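Number of protein chains: 2
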Amino acid sequence: MQQTEQGPIIRQRQRELVQALHQVLPKHSILYHEEDTRPYECDGLTAYRQLPMVVCLPEDEAQVQAVLRICSRLQIPIVPRGAGTGLSGGATPIADGLVLSTAKLNRIVRIDALARTARVQPGVRNLAISEAVAGHGLYYAPDPSSQIACTIGGNVAENSGGVHCLKYGLTVHNVLRVRVVLMDGEVVELGSDALDAPGLELLSVFVGSEGMLGIVTEVTVKLVPKPQVAKVIMASFNDVVTGGNAVAEVIAAGIIPAGLEMMDKTSSRMVEPFVHAGYDTDAEAILLCESDGTAAEVEEEIARMTAVLQQAGASAIAVSQSEAERLRFWSGRKNAFPAAGRISPDYYCMDGTIPRKRLAEVLTGIAVMEQKYGLRCANVFHAGDGNLHPLIMFDANQEGEFLRAEAFGAEILELCVAVGGTITGEHGVGIEKINSMCVQFTQTELNAFFAVKKAFDTAGLLNPDKAIPTLHRCAEYGRMHVRNGQLKFPDLPRF
Amino acid sequence: MQQTEQGPIIRQRQRELVQALHQVLPKHSILYHEEDTRPYECDGLTAYRQLPMVVCLPEDEAQVQAVLRICSRLQIPIVPRGAGTGLSGGATPIADGLVLSTAKLNRIVRIDALARTARVQPGVRNLAISEAVAGHGLYYAPDPSSQIACTIGGNVAENSGGVHCLKYGLTVHNVLRVRVVLMDGEVVELGSDALDAPGLELLSVFVGSEGMLGIVTEVTVKLVPKPQVAKVIMASFNDVVTGGNAVAEVIAAGIIPAGLEMMDKTSSRMVEPFVHAGYDTDAEAILLCESDGTAAEVEEEIARMTAVLQQAGASAIAVSQSEAERLRFWSGRKNAFPAAGRISPDYYCMDGTIPRKRLAEVLTGIAVMEQKYGLRCANVFHAGDGNLHPLIMFDANQEGEFLRAEAFGAEILELCVAVGGTITGEHGVGIEKINSMCVQFTQTELNAFFAVKKAFDTAGLLNPDKAIPTLHRCAEYGRMHVRNGQLKFPDLPRF
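Going line by line, the protein sequences match chains V and A.
Here the first sequence stands for residues 1 to 495, where the numbers follow UniProt numbering.
Here the second sequence stands for residues 1 to 495, where the numbers follow UniProt numbering.
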């Protein structure tokens with residue numbers, strides 16, 4: 001992406017904004033020299049870079065309110081930023097905009113072990129919550145792979161998942177309440193400590209809204225008890241279709257494993273020399289099925305899962321015999337991305353979600369695309385919730401390979417939508433997938449999104465041009481809209 | 001409530017609307033003679049009655065679209081209606097409005113046993129879903145006590161619960177997707193068959209929106225496997241505070257019972273002569289704790305719950321020894337409302353929700369109010385999720401008792417909010433509790449609700465004056481807003 005350079009107009013706006021911010025923030029919380037703003041030019045999607053006009057780091061809610069009031073008055077767009085670990089460019093700055101970092105809002109406000117909740121500021125790291133409550137035998141369940149670094153504010157913005165989300169839910173299922181500063185500087189609380197609440201349920205809209213509706217200043221999360229025991233089954237399959245169907249069978253049997261992950265042979269052969277996880281590298285597909293709970297629950301569930309997997313055609317089954325072995329089985333899955341980086345000069349990680357029962361069909365489709373594009377694809381996924389992470393391998397130095405990889409990725413996402421799935425599982429839309437939104441949603445649905453966005457942020461200053469494409473953009477992209485496997489040509493844009 | 005009579009203006013509007021509806025609906029789907037519209041004058045909140053101008057019963061989605069387009073054009077307000085079993089007056093008609101009944105949209109469209117989902121039209125009864133999928137060993141979990149009669153469309157509108165919602169969730173947790181006709185006649189699909197979806201999460205806003213955002217024409221629900229075994233513990237306590245604390249201890253121990261219900265002595269003595277459930281009528285409080293799952297899971301969980309309840313001070317514990325005994329233990333709880341009707345000329349059923357840990361405190365507060373108002377109150381509740389149903393008993397024929405009961409009820413709800421709870425658990429706001437919304441929410445929060453309402457229904461034609469009070473109404477009501485136990489005087493209304 002080409003950066004926009006600062007011209008005289010941006011420099012004038014910058015002076016105006018910095019001057020106003022100095023009235024409400026301490027000097028050390030305002031950054032605008034290039035050497036200070038450079039670290040904020042991208043998030044985890046490093047292909048998109050843009051130097052922001054100003055960065056600010058408020059230290060309490062009142063400062064957040066003051067910043068939003070200033071930006072409303074001066075009509076400055078704001079890009080909210082957590083730890084910057086996002087993979088879809090949701091925190092990519094705007095050349096004439098402000099980056100509002102929540103890094104300094106990092107206090108754990110209150111832990112209530114009896115009610116099993118914690119109230120924390122958005123800059124608290126995901127793993128720091130679990131560490132703080134470990135003494136009570138509790139933890140915070142959603143565990144994105146970036147959990148050492150990512151913060152709860154970013155998790156709320158992206159509705160982050162992790163390997164345990166099949167059983168324990170995504171961020172939206174583990175957050176009870178948020179305090180939010182709206183663009184006019186007013187504070188609202190969304191959600192409630194109770195199971196149900198009257199009024200419109202705006203908490204779930206806020207979670208996953210990618211910074212477009214307001215700035216979160218406090219998050220009340222649910223905590224869950226640490227399980228006494230956990231064991232994992234490694235099951236081998238002679239073909240990916242049988243493995244895919246076995247996933248559907250486990251779920252259809254009424255079992256909700258603590259984790260249910262699948263890797264194809266390309267993936268297991270890729271990681272085994274690297275981490276020595278003990279994988280069956282002759283199998284076309286490997287399933288990892290975890291059970292957690294009390295000793296009796298785990299014993300019974302492992303027995304039931306084993307029976308279902310055998311019935312579904314597993315060619316071999318191994319159960320972890322110790323905590324060390326359990327962690328070793330998982331180490332292969334968790335190191336799939338770095339392993340891809342060892343065997344291929346470049347790779348492109350996709351993130352799509354499909355109905356579980358269509359898994360076998362989508363795997364077959366991806367195999368056909370490998371031939372069509374002449375590129376290899378390693379498939380690892382959160383199979384239990386149908387969240388695919390195909391890793392397309394290519395060499396950017398070979399003429400045309402990057403473009404082929406991009407087209408391959410786009411075709412995978414279109415297949416996901418065609419079988420009734422979605423274009424993202426847990427990485428968000430950001431700027432990376434904004435064109436794919438035109439494929440996923442009808443014009444009426446995009447209009448509904450914009451109407452709600454406008455209800456919170458009338459002037460459209462919060463993270464503009466992310467997550468929801470304008471109809472104009474969709475018209476330019478010119479892709480068809482696919483709904484329930486039916487092709488549907490987009491209506492003409494309204495302008 | 002005083003009914004508004006039909007004057008010449010309403011009669012003129014009626015002629016106009018009926019004429020337009022005849023262009024798009026069969027004759028038998030349009031009702032406007034008083035003898036035909038009389039059955040629609042109220043829902044389960046029978047104190048509020050109003051004859052509607054017209055009732056219509058569309059038979060497919062295209063007819064729903066046509067009706068909404070006509071009402072948009074003629075600016076006719078619409079009250080959507082399911083089975084009319086609601087308890088908060090959400091389906092109370094408007095004198096110059098249309099009642100849109102979903103009763104004829106009653107097809108089960110598709111059952112997918114492998115994916116464990118069912119796609120149904122809104123007029124399908126809650127229990128009919130479970131009956132239709134019983135052959136697959138599945139059922140639909142949310143079970144409001146009206147489940148024989150109430151329909152899934154109404155459940156979606158009210159976000160209905162039931163005794164199993166502690167473990168299995170409310171309606172919002174059991175619905176994957178809805179098809180909705182918006183006021184301009186356009187159709188959108190909210191939600192997805194996948195765990196997560198890109199774009200704003202509007203499904204959760206729609207569920208529980210009490211008919212204010214659109215008309216649902218199709219609902220995709222999750223199905224769950226029927227448990228192999230269920231058993232229930234009946235635990236006695238010598239005082240309600242100890243019983244209330246025991247509820248918090250069960251949850252704090254990391255157990256999620258399939259049901260966790262509490263009754264005080266007034267309630268158990270009220271129902272025992274009526275149903276002979278075998279209750280300990282000397283106990284000040286009785287807890288019913290259910291476990292379901294496989295035989296091994298249930299055995300282990302019953303043992304753990306027994307240990308926690310003993311530790312928490314239970315004076316006696318009994319475990320159901322057969323399915324017949326289990327159903328008998330539950331029969332008392334489920335017949336509490338009819339039993340109240342036998343011993344008291346009138347009763348007023350409240351529906352508030354509080355954080356579980358504040359249960360003992362709220363019970364003590366209600367006991368003090370009994371003295372203050374000179375009225376008895378039987379307390380039954382979905383204790384596990386903190387949803388109280390205090391039954392205030394009174395005799396409307398005694399001078400002043402109705403007003404005292406009403407004031408008693410309002411004070412209970414204000415106590416619920418003061419301890420961090422809400423004014424409704426599962427019965428909705430409707431028109432009954434609309435004033436209490438002024439106590440629950442700040443002006444900024446009510447503004448946010450209205451902004452979202454307007455994003456879906458610009459002209460405000462869908463179920464106006466329900467669920468969300470106007471700021472003008474709150475100003476007239478003049479009650480203080482209580483947040484987190486802190487009194488806060490309302491800001492001046494903005495007009």
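Beta carbons: idealized from backbone N, C-alpha and C, even for Gly.
As the structure is a computational prediction, the values presented were derived from the model and not from experiment.
*Return yes when the Cβ of A/Ala295 is within less than 8 Å of the Cβ of A/Gln228, no when it is not.*
Your numbering for residue 228 of chain A matches position 228 in the second sequence. Your numbering for residue 295 of chain A matches position 295 in the second sequence. In contact: A/Gln228 and A/Ala295 (Cβ atoms closer than 8 Å).
_Minimum length 3: unbroken beta strand (DSSP E) runs contained in the segment 296-379 of chain A_ = Counting only runs of at least 3 residues, the segment 296-379 of chain A fully encloses the following beta strand (DSSP E) elements, listed from N- to C-terminal order: 316-319 and 346-349.
*Looking at the C-beta of A/Phe449, does it have a partner C-beta in chain V at a distance below 8 Å?*
By 1-based counting over the second sequence, the position of residue 449 of chain A is 449. Interface criterion met: the Cβ of A/Phe449 is under 8 Å from a Cβ in chain V.
_For the alpha helix (DSSP H) containing V/Asn463, name the first residue and the last one._
Taking the first sequence and counting its residues from 1, one reaches residue 463 of chain V at position 463. Unbroken run through V/Asn463: none, as it is neither H nor E.
*asked:* Beta-carbon within less than 7 Å of V/Cys165's beta-carbon, same chain only, minus the 5 sequence neighbours each way: which residues are those?
replied: Locating residue 165 of chain V in the first sequence gives position 165, counting from the first residue. If we look at V/Cys165 and ignore the five residues flanking it on each side, its Cβ neighbours are Pro142 and Asp385.
*Local Cβ density within 10 Å of A/Arg15, reported as buried at 16 or more and exposed below that*: Here residue 15 of chain A refers to the residue found at position 15 when the second sequence is read from its first residue. Answer is exposed; the Cβ neighbour count stays below 16.
*Tell me, to the nearest whole angstrom, how far the beta carbon of A/Asn463 is from that of A/Gly211; I am working on the premise that it is less than 8 Å.*
The count along the second sequence starts at 1 and reaches residue 463 of chain A at position 463. The count along the second sequence starts at 1 and reaches residue 211 of chain A at position 211. Between the beta-carbon of A/Asn463 and that of A/Gly211 there is about 4 Å, and that keeps the pair under the 8 Å contact cut.
*Contact with chain V by A/Thr37, beta-carbon distance below 8 Å*: For the purposes of this step, residue 37 of chain A is taken as residue 37 along the second sequence, with counting starting at 1. False, the Cβ-Cβ gap to chain V never drops below 8 Å.
*Identify which residue in A/Val120, A/Leu415, A/Glu284 and A/Lys167 has its Cα closest to the Cα of A/Val180.*
The residue you call residue 180 of chain A lines up with position 180 of the second sequence. Looking from the CA of A/Val180, the closest CA among A/Val120, A/Leu415, A/Glu284 and A/Lys167 belongs to A/Val120.
*Just the C-alpha distance for V/Thr217 and V/Thr470, rounded to the nearest angstrom, thanks.*
Residue 217 of chain V sits at position 217 when you count from the first residue of the first sequence. Residue 470 of chain V sits at position 470 when you count from the first residue of the first sequence. Whole-angstrom Cα-Cα distance: 28 Å.
*Cβ of A/Leu114 within 8 Å of any chain V Cβ*: Here residue 114 of chain A is taken as the residue at index 114 of the second sequence, counted from 1. At least one CB atom of chain V sits nearer than 8 Å to the CB of A/Leu114.
_Cβ-based neighbour list, A/Gly137, same chain, cut-off 7 Å, excluding 5 preceding and 5 following_ = Here residue 137 of chain A corresponds to residue number 137 of the second sequence, with the count starting at 1. Here A/Gly137 has Pro225 and Lys226 as same chain residues with Cβ atoms under 7 Å from its own Cβ, once five neighbours each way along the sequence are excluded.
_If contacts are defined as beta-carbon pairs under 8 Å, then A/Thr199 and V/Phe449 qualify, I think. What distance do you get, rounded to the angstrom?_
Counting from one through the second sequence, the residue named residue 199 of chain A turns up at place 199. Counting from one through the first sequence, the residue named residue 449 of chain V turns up at place 449. It should be noted that the sequence gives Gly, not Thr, for residue 199 of chain A. For a cut-off of 8 Å, the C-beta gap from A/Gly199 to V/Phe449 is around 5 Å, short enough to register as a contact.
_So that I know if they touch, is there some Cβ in chain V lying closer than 8 Å to that of A/Val298?_
Position 298 of the second sequence, counted from the first residue, corresponds to residue 298 of chain A. With 8 Å as the cut-off, A/Val298 does not count as an interface residue toward chain V.
*Straight-line gap, V/Ser320 to V/Ile129 (C-alpha atoms, nearest Å)*: Mapped onto the first sequence, residue 320 of chain V falls at position 320. Mapped onto the first sequence, residue 129 of chain V falls at position 129. Roughly 28 Å separates the two Cα atoms.
*Which residue or residues does DSSP assign as beta-bridge partners of A/Phe381?*
Residue numbering aside, residue 381 of chain A sits at position 381 when the second sequence is read from its first letter. The partner list for A/Phe381 (beta bridge, DSSP) reads A/Met262 and A/Leu388.
*Identified DSSP bridge partners for V/Ala285*: For the purposes of this step, residue 285 of chain V is taken as residue 285 along the first sequence, with counting starting at 1. DSSP, once it has assigned bridges, lists V/Phe237 and V/Asp264 as partnering V/Ala285.
_Inter-residue Cα distance where the pair is A/Val362 and A/Cys416_ = Stepping through the second sequence from its first residue, residue 362 of chain A is reached at position 362. Stepping through the second sequence from its first residue, residue 416 of chain A is reached at position 416. For A/Val362 and A/Cys416, the distance between alpha carbons rounds to 7 Å.
*Can you pull the chain A residues whose beta carbon is under 8 Å from the beta carbon of V/Ala455, in chain order?*
Locating residue 455 of chain V in the first sequence gives position 455, where the first residue counts as 1. Here the neighbours are Ala448, Ala451, Val452, Lys454 and Ala455.
*asked:* Using a Cβ-Cβ cutoff of less than 6 Å, which residues in the same chain neighbour A/Ala20 once the five nearest sequence positions on both sides are dropped?
replied: Taking the second sequence and counting its residues from 1, one reaches residue 20 of chain A at position 20. Closer than 6 Å at Cβ, skipping near neighbours: Ile70.
*Within the present structure, is the beta-carbon of V/Ala339 separated from the nearest heavy atom of the ligand SAH by less than 7 Å?*
Among the components of this structure there are no ligands whatsoever, and the ligand SAH is therefore not found.
*Please report the residue range of the alpha helix (DSSP H) in which A/Gly409 lies.*
Here the question's residue 409 of chain A lines up with position 409 in the second sequence. Counting along the chain, the alpha helix (DSSP H) containing A/Gly409 begins and ends at Glu401 to Ala418.
*asked:* Which residue marks the beginning of the alpha helix (DSSP H) containing A/Pro39, and which one marks its end?
replied: The residue labelled residue 39 of chain A in the question sits at position 39 within the second sequence. Segment: none, A/Pro39 is in no alpha helix (DSSP H) and carries neither H nor E.
*chain A within 8 Å of V/Arg326, Cβ atoms only*: Along the first sequence, read from residue 1 onward, the residue named residue 326 of chain V stands at position 326. At least 8 Å separates the CB of V/Arg326 from every CB of chain A.
*Under 8 Å from the C-beta of A/Gly162: neighbouring residues of chain V*: As a position in the second sequence, residue 162 of chain A is number 162, starting the count at 1. Neighbours of A/Gly162 on chain V: none; closest Cβ ~12 Å, over 8 Å.
*When the distance is taken between beta carbons, is V/Pro58 closer than 8 Å to V/Lys104?*
Within the first sequence, numbered from 1, the residue matching residue 104 of chain V stands at position 104. Within the first sequence, numbered from 1, the residue matching residue 58 of chain V stands at position 58. The answer is yes: Cβ separation under 8 Å.
*Report buried or exposed for V/Ala248, applying the criterion of at least 16 other Cβ atoms within 10 angstroms of its Cβ.*
Here the question's residue 248 of chain V lines up with position 248 in the first sequence. V/Ala248 comes out buried.
*asked:* Measuring straight from C-alpha to C-alpha, what distance separates V/Val221 and V/Tyr40?
replied: The count along the first sequence starts at 1 and reaches residue 221 of chain V at position 221. The count along the first sequence starts at 1 and reaches residue 40 of chain V at position 40. Using only the alpha carbons, I get a separation of about 28 Å.
*Check V/Ala246 in the structure and name its three-state DSSP category.*
As a working mapping, residue 246 of chain V is identified with position 246 in the first sequence. Here DSSP, grouped into helix, strand and coil, assigns V/Ala246 to helix.
*Taking the Cβ atom as the reference point for each residue, do V/Gly430 and V/Ser204 lie within a distance shorter than 8 Å?*
The residue given as residue 430 of chain V occupies position 430 in the first sequence. The residue given as residue 204 of chain V occupies position 204 in the first sequence. Not a contact, by the Cβ cut-off of 8 Å.
*Hey, could you find the ends of the beta strand (DSSP E) V/Glu158 is sitting in?*
Taking the first sequence and counting its residues from 1, one reaches residue 158 of chain V at position 158. No beta strand (DSSP E) contains V/Glu158, which is instead part of the alpha helix (DSSP H) from Ile152 to Glu158.
*Residues of its chain near V/Gly428, where Cβ-Cβ distance is below 6 Å and the 5 sequence neighbours each way are ignored*: Position 428 of the first sequence, counting from 1, holds the residue named residue 428 of chain V. Cβ within range, chain order: Ser88, Gly90, Glu158 and Glu210.
*The beta strand (DSSP E) with V/Leu176 in it runs from where to where?*
As a position in the first sequence, residue 176 of chain V is number 176, starting the count at 1. Taken as a continuous stretch (DSSP letters only), the beta strand (DSSP E) holding V/Leu176 covers Val175 to Val181.
_With a threshold of 8 Å between beta carbons, is V/Asp262 in contact with chain A?_
Indexing the first sequence from 1 puts residue 262 of chain V at position 262. The question names Asp, but residue 262 of chain V is Met in the sequence shown. So, not an interface residue.
*Cα-Cα, which of A/Gly409, A/Gly82, A/Met350 and A/Leu45 is closest to A/Gly123?*
Stepping through the second sequence from its first residue, residue 123 of chain A is reached at position 123. Answer by Cα proximity: A/Gly82.
*In or out: V/Arg333 buried (at least 16 other Cβ within 10 Å) or exposed?*
Within the first sequence, residue 333 of chain V is the residue found at index 333, counting from 1. So V/Arg333 counts as buried.
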